[in-house]
Amino acid sequence: MDSLEQQATVVDLGAVYAEQRRRIAELVRALPAADLLVRCPTCPDWTVRDVVGHLTGLMSDVRTRNLAGLGTTEWTQAQVDAFAAYSLEAVLEAWTALAEPAERDFAGVVGAPGMRLISDAFTHEHDIRGAVRRPGGRESAAMAVALRVQLDALATRLGDAALPGLELRCADGGSFLVGPGEPAGVVEFPTTWDMLRTMCARRSQAQLRACSWQGVAAEDYLDAFFRFAPPVADVAE
196 MDSLEQQATV
206 VDLGAVYAEQ
216 RRRIAELVRA
226 LPAADLLVRC
236 PTCPDWTVRD
246 VVGHLTGLMS
256 DVRTRNLAGL
266 GTTEWTQAQV
276 DAFAAYSLEA
286 VLEAWTALAE
296 PAERDFAGVV
306 GAPGMRLISD
316 AFTHEHDIRG
326 AVRRPGGRES
336 AAMAVALRVQ
346 LDALATRLGD
356 AALPGLELRC
366 ADGGSFLVGP
376 GEPAGVVEFP
386 TTWDMLRTMC
396 ARRSQAQLRA
406 CSWQGVAAED
416 YLDAFFRFAP
426 PVADVAE
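Listed below in structure tokens is the structure:
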């Protein structure tokens with residue numbers, strides 16, 4: 196088992212989420228007002244401020260088990276809309292009030308969606324950071340959780356598409372097997388970070404094609420690799 200995968204199985208998920216939430220709050224509180232209205236290139240329907248509303252609304256929906264339409268555009272947009280009239284500080288206070296009971300008992304309060312909740316928050320932290328050009332927060336326990344969630348999701352998509360498994364290699368040392376059976380090919384990424392952002396549909400199809408593909412054709416895997424439509428333009432973070 197890769198060390199990142201081990202981390203994701205042993206950490207206190209409530210503590211990981213709390214650290215993630217506080218880091219996002221610190222980041223957005225420090226932004227100029229104009230930056231809150233910047234659209235996120237990797238999440239283009241939303242501004243930075245909208246992303247914070249989504250994260251708060253998502254915790255509310257998970258807490259109240261309002262899961263009809265889970266993951267759909269309509270469901271996530273309703274989360275943004277629910278907090279659109281609030282000040283940023285009021286949204287952050289609402290997020291804290293909703294999250295703190297869950298952080299004390301993540302398994303009991305949040306339940307099965309827990310790791311996905313952390314992965315979503317980690318993904319959106321870096322949507323924000325990319326939009327306002329403030330990189331950071333990559334070396335965290337949340338990255339290990341997000342990596343496990345996204346590898347599992349990619350493996351499911353490959354299986355659903357009846358595609359052979361892959362070995363994903365990263366130049367910084369990571370190596371991961373995804374999908375059914377023995378890997379039919381190898382895809383090489385510049386870093387584990389780039390691989391994770393690609394699996395989250397935060398890289399373009401052109402960027403995925405540009406990776407080194409060995410043993411299989413990139414074109415056969417493009418549709419299955421992304422859960423959501425990827426950016427049209429290349430993304431640099």
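All residue numbers for the sequence shown refer to my numbering, where the first residue is 196 and numbers rise by one.
Backbone N, C-alpha and C fix where the C-beta goes; we use that ideal spot for every residue, glycine too.
Fair warning: this is a prediction, and the values are worked out from it, not measured in the lab.
Nearest to residue i (by Cα), restricted to the options the options
| i | options | result |
| --- | --- | --- |
| Gln402 | Gln409, Ala428 and Tyr416 | Ala428 |
| Ala365 | Phe421, Leu391 and Gly309 | At residue 365 the sequence reads Cys, which differs from the Ala that was named. The candidate whose alpha carbon is nearest that of Cys365 is Leu391. |
| His321 | Leu293, Phe371, Val206 and Val247 | Val247 |
| Ala225 | Leu312, Arg398 and Glu284 | Glu284 |
| Ser282 | Gly266, Ala336, Thr267 and Val223 | Val223 |
| Arg217 | Gln274, Leu262 and Glu288 | Glu288 |
Opening and closing residue of the beta strand (DSSP E) in which residue i lies
| i | result |
| --- | --- |
| Leu250 | From DSSP, Leu250 is part of no beta strand (DSSP E) but of the alpha helix (DSSP H) over Val243 to Thr259. |
| Val211 | Not the beta strand (DSSP E): Val211 falls in the alpha helix (DSSP H), residues Leu208 to Arg224. |
| Ser399 | Counting along the chain, Ser399 falls outside any beta strand (DSSP E), and DSSP gives it neither H nor E. |
Same chain only: Cβ atoms within 7 Å of residue i, ignoring 5 sequence neighbours per side
| i | result |
| --- | --- |
| Asp230 | Val243 and Val327 |
| Arg333 | Trp388 |
| Ser314 | Val340, Ala341, Val344 and Gln345 |
Limits of the alpha helix (DSSP H) - the one that residue i falls within
| i | result |
| --- | --- |
| Leu342 | Ala336 to Asp355 |
| Gly309 | Gly309 to Val327 |
| Tyr416 | Ala413 to Phe420 |
| Ala289 | Leu283 to Arg299 |
| Val275 | Thr268 to Ala277 |
Residues near residue i in its chain [Cβ-Cβ closer than 6 Å; skip 5 each side]
| i | result |
| --- | --- |
| Gly374 | Ala350, Leu353, Gly360 and Leu361 |
| Trp408 | Val382 |
| Arg234 | Thr242 |
| Ala213 | Glu298 |
| Glu432 | Gly325 |
Backbone secondary structure at residue i - three-state DSSP
| i | result |
| --- | --- |
| Val430 | coil |
| Pro425 | coil |
| Leu361 | strand |
| Arg234 | strand |
| Val373 | strand |
| Gly380 | strand |
| Asp389 | helix |
| Asp367 | coil |
Outcome for residue i when other beta-carbon atoms lying within 10 angstroms are tallied against a minimum of 16
| i | result |
| --- | --- |
| Arg324 | buried |
| Phe301 | buried |
| Ala307 | exposed |
| Phe421 | buried |
Own chain residues within Cβ distance below 8 Å of residue i, not counting five before or after
| i | result |
| --- | --- |
| Leu312 | Tyr212, Leu253, Met254, Val257 and Val305 |
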